[in-house]
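Below: one structure, written as structure tokens.
Residue numbers (our numbering): 4 to 270.
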């Protein structure tokens, strides 16, 4: 049995980066109700602590996340003897994905080993997804008679196209890190021993960038998936106006004119 005293995630704030490590290594970090609750608390730090300017999500043990813990019944209610799986989505997964994708700070997911099912969806909710060369990505829902959730049916078509997303979802085949990179599912691939260090370097770099600018980039990029060109042009106008009112914009201009590196404060 799992030791209930061991936290399901490990968190640390350092150099402007909130590190969140999924920590159920014996079960390849499969997600249970307690992990959802602890993730929710961790994201409060990201949302409320101004010193946090980037979030880095990774996993302990031999894999990033194997998806939902199928032995965890606490997140499922029964209606007339039939499990209501939609309850878990509405209560836990959907709020989690919405918070990650609307967080006005960059989110990096550093994936190793395996990202399957809801674990794949969690990885793809990152703004920048990194992977070790030995990683496999699996849209595994069809293997147990389910349909992709936690945003999986939205992320994949937008990232890799209809045909590839349909093939992954209907066949449940493993996709290598190299294939995921070629398809545009992820940003970069590293050797396994390098992933943690490289992910941390990128996170620290983002934590020193103009945070409001990055938030606007994130918002406009997500909006582009459903906006018309006219709507996107109007959004760009509004977001550029917002960026133009920041201290970081003024610092960026000064640094450019003075031929030096800018010192952004995230304001």
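We treat Cβ as the ideally placed atom computed from N, Cα and C, and that holds for glycine.
- For residue 250 against residue 270, the beta-carbon gap comes to about 5 angstroms, under 8 angstroms, which counts as contact.
- Close CB contacts of residue 267 within its chain, under the 8 angstroms cut and outside five residues either way in sequence, are with 211, 212, 213, 214, 251, 254, 255 (chain order).
- The C-alpha of residue 97 is placed about 16 angstroms away from the C-alpha of residue 45.
- Per the C-alpha coordinates, the member of 111, 124, 65 positioned closest to residue 92 is 124.
- Residue environment: residue 74 is assigned as exposed (fewer than 16 neighbouring CB atoms within 10 Å of its CB, all protein chains considered).
- Below 8 angstroms, too few C-beta pairs join the segment 167 to 187 and the segment 15 to 33 to call them touching: fewer than three.
- Setting aside the 5 residues that flank it on each side, residue 85 has no residue in the same chain whose C-beta is closer than 6 angstroms to its C-beta.
- In summary, residue 66 is buried, with 16 or more beta-carbon neighbours lying within 10 Å of its beta-carbon over all protein chains present.
- Collapsing the DSSP output to three states places residue 261 in coil.
- Non-local C-beta neighbours of residue 239 in its own chain, meaning closer than 8 angstroms and more than five positions away in sequence, comprise 223, ordered along the chain.
- Beta bridge pairing from DSSP links residue 21 with 16, 58.
- For residue 144, the three-state secondary structure derived from DSSP is helix.
- Residues of the same chain with a CB within less than 6 angstroms of the CB of residue 152, apart from the 5 flanking positions on each side, are 92 in chain order.
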